[in-house]
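Have a look at the structure below before the remarks.
Protein chains: 2
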Amino acid sequence: MRVPFETLKETIKKAFLNAGLNEEQAEACATVHAQSSCDGVFSHGLNRVARFCDYVSKGWVDPAARPELLHARGAAEHYDGHMGIGVLNAQFCMDRAIALAKEHGIGMVALRNTTHWMRGGSYAWRAADAGFMGLCWTNTESCMPLWGSKEPSVGNNPFCIGIPHKDGHIVLDMAMSQYSYGKLQVTRLAGKQLPYPGGFDKDGNLTSDPGAIEQTMRILPAGYWKGSGLALVLDMAAAMLSAGKSGDVVTDDNLGSCGGCCQVFIAFDPYMFSSKDEVEAMLAHRIESVHSAAPVREGGHVSYPGERTAKTRADQQANGVEVDEGVWAEVCKLAE
Amino acid sequence: MRVPFETLKETIKKAFLNAGLNEEQAEACATVHAQSSCDGVFSHGLNRVARFCDYVSKGWVDPAARPELLHARGAAEHYDGHMGIGVLNAQFCMDRAIALAKEHGIGMVALRNTTHWMRGGSYAWRAADAGFMGLCWTNTESCMPLWGSKEPSVGNNPFCIGIPHKDGHIVLDMAMSQYSYGKLQVTRLAGKQLPYPGGFDKDGNLTSDPGAIEQTMRILPAGYWKGSGLALVLDMAAAMLSAGKSGDVVTDDNLGSCGGCCQVFIAFDPYMFSSKDEVEAMLAHRIESVHSAAPVREGGHVSYPGERTAKTRADQQANGVEVDEGVWAEVCKLAE
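If you read the sequences in order, they're chains A and B.
If you read the first sequence in the numbering used here, its first letter stands for residue 180, the second for the next number, and so on.
If you read the second sequence in the numbering used here, its first letter stands for residue 180, the second for the next number, and so on.
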């Protein structure tokens, strides 16, 4: 079922107003959720609206909180998110990083005590839309076993990079697990197998059976030991730079998914050392080389990160955003 | 065969002096190569000495070149490496990033026209030794197919993060391929299979047979599409920030492995927003949680990145560094 973007956004906005957000907050958050669905990231778009409203009602997200500047040092700033709305805290911090990069070439903001930022790529797209390269990551509660362990002991800690480009930004939005739990669920409900092994079954064997992985919670880090190591280092770095909670403490405190987590936002002026024309030409040339790489399948197309997102966005903006009927009905009820 | 660290270093130093490096250059480069072998990264330690000397003799590395400051902007600097010694260019740039971080909290140096930095982790260790968090990456020539392509179309672009810690630094050194070509070769020569699939055979099937992958050059990106996307974005970011060559151009110019590549070095003052004691306590707590994660195998040990390196280093410093006899004989000859 498809719903026009504006209808989707306005409905989500009403749900957020009913949850206690003010006009400005509801508008900004609804835009982010609707945009995520429109970009094909359904898991953190419409599908996450009800849970966010639930978190607000439980007091796990405080709409009255605002990010507080704790320290500033040169090109870096430090904020406490006070368990406010994760999306707005993250937007604020990426905007501050961009402001610092305008002044210093590069800027960094470390944020602690924030809540779920929903789709991490939103802030990389935001930086790119503003003409800056953005790099950001978050820690989260433990949902994935560290390599060599059989119990969840690290978060999937998304890592995102956005690079502005005139013909479509290059945006990577990469969680450290090979698949999300959402992907496992969707695949299981469709009665399908994963295209590649996504975790371990109860006997400790790698498997492509989503249900078997959901049982063990032994999802596979992307690249085995590599994704495990990167997830752990990103966790430590975020907690260190923000003087906040490491992932194990976020887990123990148990204030909802990502409640009390830390995030780092870095912005770079992409044109500080060469002209915009030169950068655009370099990127266009590199993209051309990507598109001309021999495809595995005849007629196949090799893409850069963000390319398919842009296509999905254009399609859904024109033809309406795909929604799950049950989820849509639930959000419509919250909007009543 | 084991060789004492000092003997290893002095022998490599003599080889470098014979290749035309001056005393100071030979000492610094020999230390890095010997340290890499001592840390267990044999591929970029002793095993890389002969090739480096060959590159100098071919003119692909210019020992007379020094990094030249092209631009400075706030917390960021831009250098041309002029095809000088990659190890020394990289050390210089990480040191400059640290100096900038001392002043601005965070500092970034973008370097273009440099040569192979050998082991990327060297510069993350270097930052951590100096008490800073270091983050760096490089682009390289295409050696790995982009996801969806069957021909090498992106570099394996190592990405490194170092975090200082009193009981042993946390250091991630991650190339974007699941395995290096060196690992494929070593595994094939030992008549073994890879522990997990490392690429595609000539029929396009995933395989753990190293020889079959060497034939196709279709090594697998870590995490399939994820490592592929990250490698490409790191390539573009390095070329953009340094106004240098993207990986496809490095490939076309064909000036030896990594000849003319770009690198980015970022340093963070880890204690800018909290005390060193607080940071150390957070890290110690997080490490304890890693060590107490239930292991897959009874009696197993879950490690953080850098932990096993530190153990290997301590062992080889005490008992001599493992060397391949053939490689050692070759380097001894270069040192004559």
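Don't be surprised by glycine CBs; every beta carbon is placed ideally from N, CA and C.
| said: With distance defined between alpha-carbon atoms, name the residue in B:E515, B:A269, B:E330, B:H223 nearest to V481 of chain A. | reply: Of B:E515, B:A269, B:E330, B:H223, the residue nearest in Cα terms is B:E330.
| task | Would you be able to state if there are at least three C-beta pairs under 8 Å between the segment 264–275 of chain A and the segment 293–307 of chain A? | result | yes
| C232 of chain A: first and last residue of the uninterrupted alpha helix (DSSP H) it sits in | C232 of chain A -> alpha helix (DSSP H) spans 228–237.
| V506 of chain A versus G219 of chain A - alpha carbon distance | 15 Å
| Does the segment 489–501 of chain A come close enough to the segment 349–366 of chain B to have 3 or more Cβ pairs within less than 8 Å? | With the cut-off at 8 Å, the segment 489–501 of chain A and the segment 349–366 of chain B do not touch.
| When burial is assigned at 16 or more other CB atoms within 10 Å of the CB, is D259 of chain A buried or exposed? | buried
| Hey, is V247 of chain A's beta-carbon within less than 8 Å of any beta-carbon in chain B? | Note on residue identity: the sequence assigns Glu, not Val, to residue 247 of chain A. Not one chain B Cβ lies under 8 Å of E247 of chain A.
| Measuring CB to CB, does I445 of chain B end up less than 8 Å from A276 of chain B? | yes
| field | Other residues of its chain near Y403 of chain B: CB distance less than 7 Å, five sequence neighbours each side excluded | value | W326
| said: Is there a Cβ of chain A sitting closer than 8 Å to that of V412 of chain B, yes or no? | reply: At a cut-off of 8 Å between beta carbons, V412 of chain B contacts chain A.
| request: Examine chain B for any beta-carbon lying closer than 8 Å to the beta-carbon of P389 of chain A, and answer yes or no. | output: no
| For chain B, is any of its Cβ atoms less than 8 Å away from the one on P242 of chain A? | no
| query | What does P337 of chain B touch in chain A if you count any residue whose Cβ is under 9 Å from its own? | reply | Residues of chain A with a Cβ closer than 9 Å to the Cβ of P337 of chain B do not exist; the shortest Cβ-Cβ separation is about 11 Å.
| request: Return helix, strand or coil for Q214 of chain A, following the three-state DSSP convention. | output: Helix.
| task | Return the chain-ordered ranges of every alpha helix (DSSP H) run that is complete within the segment 381–411 of chain B and spans a minimum of 4 residues. | result | 389–395
| request: Any chance you could list the beta strand (DSSP E) runs of at least 3 consecutive residues sitting entirely within the segment 272–333 of chain A, in chain order? | output: As for any beta strand (DSSP E) of minimum length 3 sitting wholly inside the segment 272–333 of chain A, the runs are 285–293, 312–317, 331–333, ordered along the chain.
| Using DSSP with H/G/I as helix, E/B as strand and the rest coil, what is G505 of chain A? | Correct three-state label for G505 of chain A: helix.
| task | Evaluate G478 of chain A with the Cβ neighbour count: other Cβ atoms within 10 Å of its Cβ, from every protein chain shown; 16 or more gives buried, anything less gives exposed. | result | exposed
| query | Quick one: is E320 of chain A buried, meaning 16 or more other Cβ sit within 10 Å of its Cβ, or exposed? | reply | Buried, because 16 or more other Cβ atoms sit within 10 Å of the Cβ of E320 of chain A.
| task | Decide if A198 of chain A is buried, meaning its Cβ has at least 16 other Cβ atoms within 10 Å, or exposed. | result | buried
| message | Residues of the segment 478–501 of chain B in Cβ contact with chain A at a cutoff of 8 Å, in chain order, please. | response | G479, H480, V481, S482, Y483, P484
| field | Whole-angstrom C-beta distance between A213 of chain A and I191 of chain A, which should lie under 8 Å | value | 6 Å
| Can you list, in chain order, the residues of its chain whose CB lies under 7 Å from that of K552 of chain B, leaving out five sequence neighbours each side? | One cannot answer for residue 552 of chain B here, as it falls past the ends of chain B, which runs 180 to 515.
| Spatial neighbours of F447 of chain A in its chain, beta-carbon cut-off 7 Å, leaving aside the 5 residues before and after | A280, I285, F311, M312
| If you draw a straight line from the C-alpha of E185 of chain B to the C-alpha of C217 of chain B, how long is it? | Straight-line Cα distance between these residues: approximately 11 Å.
| query | For M323 of chain A, which option in A:R305, A:D346, A:Y360, A:S301 has the closest C-alpha, if you only look at C-alpha atoms? | reply | A:Y360
| message | Going residue by residue through the segment 411–488 of chain B, where are the continuous alpha helix (DSSP H) segments of at least 4 residues, counting only ones entirely within it? | response | 426–432, 455–470
| task | Within its chain, find whatever has a CB closer than 6 Å to the CB of W239 of chain B; leave out the 5 residues flanking it on each side and keep chain order. | result | L434, G435, G438.
| So, do the segment 240–259 of chain A and the segment 375–390 of chain A have three or more beta carbon pairs nearer to each other than 8 Å? | As far as the Cβ criterion goes, the segment 240–259 of chain A does not touch the segment 375–390 of chain A, which means the pair count is below three.
| Along chain B, which residues have their Cβ under 9 Å away from the Cβ of G347 of chain A? | Chain B residues near G347 of chain A: none, gap ~13 Å exceeds 9 Å.
| query | Is the Cβ-Cβ distance between G426 of chain B and V333 of chain B less than 8 Å? | reply | In this structure, V333 of chain B lies closer than 8 Å to G426 of chain B by Cβ.
| request: Can you pull the chain B residues whose beta carbon is under 9 Å from the beta carbon of V365 of chain A, in chain order? | output: In chain order: nothing, as chain B lies at least about 17 Å away.
| With distances taken from CA atoms, which of B:K362, B:A369, B:G370, B:L368 is nearest G378 of chain B? | In terms of Cα proximity to G378 of chain B, the closest of B:K362, B:A369, B:G370, B:L368 is B:K362.
| Since Q394 of chain B meets chain A, which of its residues come closer than 8 Å, beta carbon to beta carbon? | Within 8 Å Cβ-Cβ: nothing; Q394 of chain B doesn't reach chain A, min ~16 Å.
| query | Looking only at C-alpha atoms, which of B:D346, B:M461, B:M396, B:K345 sits nearest to Q357 of chain B? | reply | B:M396
| query | Which value, in whole angstroms, describes the spacing of the CA atoms of M273 of chain B and G341 of chain B? | reply | The straight-line gap from Cα to Cα measures roughly 12 Å.
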